[in-house]
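Chains as they are written, first to last, in the numbering used here: chain S, 2 to 507; chain B, 2 to 507.
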């Protein structure tokens, strides 16, 4: 129950394992609109009471098992806090916790570190009422602070409904600078910033529209300071009502996003950041992670990237044993080819290949026919927290290319780096060969030998090797294209090179 | 194990309930290539032995629970049948059944009637070796026959590798006519024809490419006799090797599809059919249905359309209770609006609305965010046997439009009939209002009253009606657009109009 929006999210989860968001309601309550030294205004309290009542009725009607209701700065700081709390609890039906500044920062931090690879850096959370910044060191939470520089508050204090004067924007900027200067360590936070909250998401959506970004995914998108400057200029040239015409800016955000953008831009400048990585998770997810990871004192997912992949495998009911076998074989092929100088051999490529191996059959959930195409859609649209957009695009292309022809990389070129097609071809050869070998479940490994013209693959199969040999032989063209060698497949003794089984269990 | 192709399909199923295809291998064995009075040729037997051996090894390696291997006319009719069978069983490892003509026809019939709404009409099954035609009366199997007019056989007998002479085509046509004339009842089969087999699927794919068809789905596509004529002309103008340039014609089908097309065209003409509905299921699925529906003497799915919807709900783990509530409410609203003259009120629209209600949340399996868009993709790509392409398109658009804005109908206009947008708007109003009312699980019904300007909706809720009233009120604009009335929502007593609960259980 925030200063601008009340959101209700419903998660379904298995403790310590898979989870997914299954329902969501939002209501733009604007609790802190018009708030003053006298407190939250009566109309706002009334709106809050109404929405809290609705949410309580929703939870009862949907028979939600566990309810965790939290509220933040607007209620916490209000002089008429008791009255506000009576409204928020819907006469005691919702067990609302008023989060302290530190708790609020911690939940935002938990949402961010459990859905990104943030190790050392900081989290910026801009809400309607306040801004939080939280240091992160080796994934642990460091110092944090909160200041009442939220988008709703700053809009009311500095920006009218009309076209703002340049001096209004400047005054807001100065106010933010002065406020943040009170925090001596803020200036040293640096360039690895992760941003959460509705304002930063809205700005990212606008920037994506402006650059015709090829993916429809906010999480892990990098918003550059320069793009932020352009968005501020566009918004500042229009009255509040006219800003809805800007692509990506929704009506209920049209008025408050300009002030929010100025706050974020100023904060980035002061911290020495030239970009901010968007995190679509935040406080709500942080509260949820405390339940998902109950019993873990640090409330951290061990390996966010791995967890994301396993989470999707669960959602699409992938065959864990088959995928683990394909993953083992693909990584073994990759590592051997790297040793032969026929693959690049870096950790990032390995993880992308592993993710694609784990998810290659996800599309069967849609339809076996064309399941490579469906899998491509699913990977691009389901989200893989912890992976960059470039990596997600490559995973999707590999899933698309694990059978039939390779996909065109052109729709995704805006996120793929150089030589996307070449990398796709190289990695796809490992995945395709692994998938074919795994047509026999009893294949335990494969040993490669390169004679400069031919690549000899000796397959160890505890059962009948006929299936594996026949299937693998069909990937000759893919191997030829990828590494310029003719593939020769034969059966042999026990494989000795087999990598540790990356079994797909939680 | 057919005359042209050996296919291995793997189904996962719950007896009497949900099922899905989870794996498939195919090998173009061409068992009957070069067969003569002396029998199947030794090279063909050797190819068959090799593939049978592979398939047996695959089943062992994949630990398939139940294996049902069947073979048809090529092996059945071969003078060297014993030798062929030894090869097909992979030295006794595969329990191969040689189907009689009647059994072969029956399995094809079972595949067709369990995946279409075919009640009275006939099934045409063109394989590599033979053609079967089977009468269907009130969904029961009637007379059937088989003749050796398969695509591989007819290609070898009448069509060379070069550009065929007109006289070759004519001779083939005459041969088919003479052969089918032996079956006196064939001429009366009529216009409701369902086609199965690889040739008819290939021809449908080619026709779709030629007309730039908006859906990527063969099942339930209608191939017109006129389109077939054009395809025959295009293929007959090219040598076999050149036909691969025709869109939709795969290399391993390039030689045999022309003869197959002539056989089908001639058969349709003689039966008095101007079109044929493509069925992508067939003999393999028929064999499978005998297991799925074990214990049912007729081996028929009661209601193919309903089963398709429930099957998808299962695949995407839709919430059965919620969907059933939305379905009940949507149909109740539709029926009341029809009684008020504000909906058309026909059975087809009702079933489309029901299907959309059942599947409206399917996209949550991909991601809660934008789940309406993901659901649109899933419905368009998962197949809904028994529904026409126009209906599938409307179900997908309704799922897309159950929240946020209505989708554009333009990408699907090629399959939507007249006034697609208007129908979408009218049906979507019912679905959206139902979905909003069902935000409260305790809503049991709604009664509509029309005063010519306003539509009064009185909601019966066994619990707190606040959620339902608030949610439903948000659909005022959708109702206004659809039926030209302002929506007024209020709470009232017990609903008396409630339709029977269409619970989503098998």
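The C-beta atom is built at its ideal place from N, Cα and C for all residues, glycine as well.
Could you check whether the Cβ of residue i sits closer than 8 Å to any Cβ belonging to chain B?
i                      : result
residue 14 of chain S  : no
residue 18 of chain S  : no
residue 390 of chain S : no
residue 55 of chain S  : yes
residue 59 of chain S  : yes
residue 2 of chain S   : no
residue 378 of chain S : yes
residue 434 of chain S : no
residue 382 of chain S : yes
residue 506 of chain S : For residue 506 of chain S, the pLDDT reaches just 41, beneath the cut-off of 50, and the residue's location in the model is therefore unreliable, although a value from the coordinates is still provided. False, the Cβ-Cβ gap to chain B never drops below 8 Å.
Counting only Cβ pairs nearer than 7 Å, list the residues of chain S close to residue i.
i                      : result
residue 63 of chain B  : 442
residue 408 of chain B : None at all; the shortest Cβ gap to chain S is about 15 Å.
With burial defined as no fewer than 16 other Cβ atoms inside 10 Å of the residue's Cβ, what is the status of residue i: buried or exposed?
i                      : result
residue 43 of chain S  : exposed
residue 136 of chain S : buried
residue 164 of chain B : exposed
residue 505 of chain B : Confidence at residue 505 of chain B is low in this model, with a pLDDT of 37, below 50, so its placement is unreliable and the value that follows should be read with caution. Buried.
residue 478 of chain B : exposed
residue 77 of chain S  : buried
residue 419 of chain B : exposed
residue 440 of chain S : buried
residue 281 of chain B : buried
Is residue j closer than 8 Å to residue i when the C-beta atoms are compared?
i                      : j                      : result
residue 344 of chain S : residue 455 of chain S : no
residue 246 of chain B : residue 153 of chain B : no
residue 74 of chain S  : residue 147 of chain S : yes
residue 362 of chain B : residue 320 of chain B : yes
residue 177 of chain B : residue 71 of chain B  : no
residue 115 of chain S : residue 284 of chain S : no
residue 310 of chain S : residue 385 of chain S : yes
residue 317 of chain B : residue 111 of chain B : no
residue 190 of chain B : residue 272 of chain B : yes
residue 416 of chain B : residue 216 of chain B : yes
Select from the options the residue whose C-alpha is nearest the C-alpha of residue i.
i                      : options                       : result
residue 313 of chain B : S:469, S:338, S:366 and S:318 : S:366
residue 466 of chain S : B:54, B:35 and B:265          : B:54
residue 327 of chain B : B:309, B:6 and B:354          : B:354
residue 238 of chain B : B:321, B:116 and B:166        : B:166
residue 8 of chain B   : B:156, B:480, B:330 and B:60  : B:60
residue 28 of chain S  : S:5, S:413, S:19 and S:12     : S:5
residue 394 of chain B : B:414, B:406, B:375 and B:452 : B:414
residue 400 of chain S : S:392, S:360, S:219 and S:439 : S:360
residue 368 of chain B : S:13, S:457 and S:3           : S:13
residue 41 of chain B  : B:243, B:443, B:80 and B:447  : B:80
residue 119 of chain S : S:493, S:269, S:489 and S:387 : S:387
residue 266 of chain S : S:464, S:409, S:126 and S:433 : S:126
residue 333 of chain S : S:196, S:435, S:185 and S:20  : S:435
residue 425 of chain S : S:192, S:396 and S:437        : S:396
residue 472 of chain S : S:444, S:453, S:486 and S:463 : S:444
Kindly say whether residue i, judged by its beta-carbon, lies nearer than 8 Å to any beta-carbon of chain S.
i                      : result
residue 115 of chain B : no
residue 375 of chain B : yes
residue 480 of chain B : no
residue 325 of chain B : no
residue 186 of chain B : no
residue 6 of chain B   : no
residue 471 of chain B : yes
Report the neighbours of residue i on chain S: residues whose CB is nearer than 9 Å to its CB, in chain order.
i                     : result
residue 25 of chain B : 369 and 370
Could you list which residues in chain B have their beta carbon closer than 7 Å to that of residue i, in chain order?
i                      : result
residue 45 of chain S  : The contacting residues do not exist; residue 45 of chain S stays about 18 Å from chain B at best.
residue 22 of chain S  : 369
residue 467 of chain S : 54, 55 and 58
residue 316 of chain S : 366
What residues of chain B sit near residue i, judged by a beta carbon separation below 9 Å?
i                      : result
residue 1 of chain S   : For residue 1 of chain S there is no data in the structure shown, the boundaries of chain S being 2 and 507.
residue 365 of chain S : 21, 22, 23 and 24
At 8 Å on the CB atoms, spell out the chain S contacts of residue i, in chain order.
i                      : result
residue 464 of chain B : 58, 61 and 62
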